[in-house]
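Numbering (my numbering), first residue to last: 1076 to 1398.
The beta-carbon is built from N, C-alpha and C at its ideal position, and this holds for glycine as well.
Note that this is a predicted model, so its numbers are computed, not measured.
Inspection log for the structure reproduced underneath, given as structure tokens.
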Amino acid sequence: RTWQAGLFRRQDYAGSACVQASGVTLRTVNDRKPASLMREHAAARELSAMNPMRKPAIALFAVTAALTQPASTRAEMIEHKTVFDVKYGLISIGKAVFDIRFDQKRYVLDASGKTVGVAEMVAPGEGTVESEGLILESGVIAEKHEAVFTDRKKDKKKKLEMSFQNGEVENVKLDPDKKKDKSGPKWVPVSAEQLRSVIDPASSIIVPVDWSRANDPKAVCNRMLNIYDGDTRYDIELKYKSTNPVRTEGYRGYAYVCSLRYIPVSGHKKKQRNVEYMRKNEGIEIWLAPMAKTNLYTPIRIEVPTWVGTFSAIPDYFGVVTH
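Below is the structure:
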């Protein structure tokens, strides 16, 4: 494959998953109205019931990565950070930090997250994910992915490791190894063919665009992402919707708003309520903005309406990290 040097060509305009540990001030339980508190507890229980390894909760993911590049390569990488305040309605339920290091050929994703507020009271949890791979003009090729999710209430930890070879899933390891038996007629089986030309969920937030079309919102948004999360296969279809101004610490400019459709492929239970709801959900939005004024985009805002209310990831910071 050849690479166009234009990946890092600067654009003509100025400055595109989760949860935190800190500093969100909420009113005490005694100050809350019962109905409001019940809604928040219902939302927290809904989050707790969703297995992060199986759901396309693109908005609320927590992720970490270990750099394996030589020191000389790391020094040349651009480092970009996004800090999200994750909300249920107007209430903060967590924060996530996404750290992306990239150059013309590679990306390394490093982030972490933790529940806060009411979500921390009802379903305390935290997670890390590591993902890295190659950057092409049309997309990314995942190479390895690791996710660790900790339920602090039950003191339980789950770990997923995946490796890829030329876009094909090479190995999947779970710890503890408690995969569900999905051989029955109620399940849609995952075939070997469906594990080719796929990426992990975290790698889906790295969105490269040909430099000659980096200012074209349709070129940025309109695409299909084939994803395997170690358990289920699904596609994510993005389509351009609008262009909106965005202002947050580290970035002041525009974002391309893409509609997002979740398309289940295999590994899920037939007619499962969550799967069917997400498949029919036409209200999901993901806003993409350029990292470091390059033609490599990433989410700067996410909106996910559900039957218990709207979950969103709002940027507290979006910009280059300087050392």
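Discussion item. Using CA atoms only, rank isn't needed, just tell me which of ARG1322, ASP1306, TYR1329 and ILE1175 is closest to MET1237.
Written reply: ASP1306
Fill in: Pair within 9 Å by beta-carbon distance, ARG1308 and GLY1342
yes
Item to complete: Using 10 angstroms around the beta-carbon of ALA1267, count the other beta-carbons present and answer buried if the total reaches 16, otherwise exposed.
Response: Classification of ALA1267: exposed, given that the 10 Å Cβ count is below 16.
Worksheet item: Taking the C-alpha atoms as reference points, what is the distance between ASN1349 and ILE1311?
Response: 16 Å
Item to complete: Compare the C-alpha of LYS1232 against each of LYS1253, LYS1293 and ASP1285 and name the closest.
Response: LYS1253
Worksheet entry | ASP1160 vs PRO1390 beta-carbon contact at 9 Å | When the beta-carbon positions are compared, ASP1160 and PRO1390 come within less than 9 Å of each other.
Practice prompt. May I have the straight-line CA-CA distance separating LYS1314 from LYS1255, to the nearest angstrom?
Written response: 34 Å
Worksheet item: Is DSSP giving SER1341 helix, strand or coil here?
Response: Reduced to three states, the DSSP call for SER1341 is strand.
Worksheet item: Just how far apart, CA to CA, sit LEU1270 and PRO1199?
Response: Rounded to the nearest angstrom, the two C-alpha atoms are 33 Å apart.
Worksheet entry | C-alpha gap between LYS1345 and TYR1326, whole angstroms | 43 Å
Worksheet item: From this set, ARG1322, TYR1303, ALA1330 and ASP1304, which residue's C-alpha is nearest LYS1316's C-alpha?
Response: ALA1330
Worksheet item: alpha helix (DSSP H) containing PRO1292: first to last residue?
Response: Note, PRO1292: alpha helix (DSSP H), 1292-1296.
Worksheet item: Is the Cβ-Cβ distance between HIS1155 and THR1323 less than 9 Å?
Response: no
Item to complete: Could you name the residues of the same chain whose beta carbon sits closer than 7 Å to that of MET1152, not counting the 5 residues immediately before and after it, in chain order?
Response: Here the set comprises ARG1176, PHE1177 and ASP1178.
Practice prompt. Give the secondary structure of TRP1382 by DSSP, where H, G and I count as helix, E and B as strand, and everything else as coil.
Written response: coil
Fill in: Whole-angstrom distance between GLU1378 and SER1387, CA atom to CA atom
4 Å
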